[in-house]
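First the structure, in the form of structure tokens, and then the observations on it.
In our numbering, the protein residues as written are 12 to 326.
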């Protein structure tokens with residue numbers, strides 16, 4: 012079994028199509044098919060169920076995929092470690108990110124990383140938090156910027172980035188718009204707009220409703236914050252979201268209303284960096300984390316300076 016065969020197998024598994032996988036790897040389709048067949052012959056079992064239209068993993072294929080991703084990740088880490096000793100950062104850094112994650116600008120960080128390490132190839136995957144956790148655990152991602160991750164569901168390292176309250180976001184004409192606060196008990200019966208369950212803000216909102224003992228039904232599910240804000244603006248429902256959503260330009264005509272604490276605890280949204288188990292961070296990921304920590308220190312200084320000006324009554 013060769014690394015090249017595993018790379019071919021993983022590409023077909025991810026693309027679910029031999030032609031697209033061959034184009035992605037820049038190899039001939041016949042060569043790719045022969046490589047996968049040789050792997051199946053060596054393992055003495057089919058890895059894919061093929062029809063004229065679809066390619067799906069068999070049970071054996073699903074089992075191999077987990078180990079193949081780990082093996083390839085280990086091989087990349089080994090090559091990167093050798094380059095790092097030589098003072099070089101080469102290879103690929105694959106980063107996962109939730110959309111609109113608070114406390115960090117992935118675009119700014121990756122731009123700074125690219126300026127410092129132009130020989131490294133950057134890859135970015137935008138996914139929901141659950142998928143990001145799976146990606147880091149399986150070695151597909153070197154690290155991820157995610158949201159609302161509990162210590163119980165992640166055995167690796169978590170670095171906190173930002174923590175903020177959840178608020179009710181509604182249109183200016185909504186009955187909550189003139190209120191300073193609302194109680195969780197007042198929310199049942201409202202129409203809700205939210206993200207799909209895998210996204211961090213939805214996870215935070217679901218956890219908050221569960222903690223308050225309040226049930227709700229999400230009628231409109233979206234995959235991006237701009238659609239959510241537009242639907243709220245049109246009066247199609249309200250949303251329980253992280254407070255920074257209310258400061259986006261698209262939310263200028265919306266109203267953010269505070270939600271009363273439950274048992275003294277406020278509903279919060281927390282963004283974090285998800286890192287693999289101690290000692291398994293790739294050289295590229297370590298370099299990116301240095302930038303993350305520098306950015307966190309800089310942002311903390313900006314917040315302290317802003318707070319001092321506000322205390323002094325400065326404009």
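Idealized CB from N, CA, C, for every residue including glycine. The model shown is predicted, which means the values in this text are computed figures rather than measured ones.
| Query | Result |
| --- | --- |
| Closest Cα partner of residue 5 within the set 53, 71, 148, 210 | Because the chain spans 12 through 326 in this model, residue 5 falls outside it and cannot be assessed. |
| Alpha-carbon to alpha-carbon, residue 216 and residue 316 | Residue placement at residue 316 is flagged as unreliable, the pLDDT there being 49, under the threshold of 50; the coordinate-derived value follows with that caveat. Cα to Cα, the separation comes out at about 31 Å. |
| Where the alpha helix (DSSP H) through residue 216 begins and ends | 211-223 |
| Through-space distance from residue 257 to residue 278, alpha-carbon basis | 16 Å |
| Rounded separation between residue 69 and residue 206 - CA only | 31 Å |
| 7 Å CB neighbourhood of residue 244 in its chain, flanking five on each side removed | 182, 264, 265 |
| Inter-residue Cα distance where the pair is residue 137 and residue 234 | 11 Å |
| Reduced DSSP secondary structure (H/G/I, E/B, other) of residue 266 | strand |
| Residues sharing a beta bridge with residue 192, DSSP | 269 |
| Coil, strand or helix - residue 197 by DSSP | helix |
| Residue 221 versus residue 48: straight-line alpha-carbon distance, rounded | 49 Å |
| Candidates 189, 209, 252, of which the one nearest residue 177 by Cα | 252 |
| Cut-off 7 Å between Cβ atoms - residues of its own chain near residue 53, not counting five sequence neighbours on either side | 12 |
| Sheet register partners of residue 205 (DSSP bridge) | 232 |
| The segment 281-299 / the segment 148-167 touching (three or more Cβ pairs under 8 Å) | yes |
| Separation of residue 148 from residue 129, as counted between CA atoms | 27 Å |
| For residue 117, three-class secondary structure by DSSP | helix |
| Under 8 Å between C-beta atoms of residue 173 and residue 114 | yes |
| As assigned by DSSP and simplified to three states, the class of residue 171 | strand |
| Coil, strand or helix - residue 108 by DSSP | strand |
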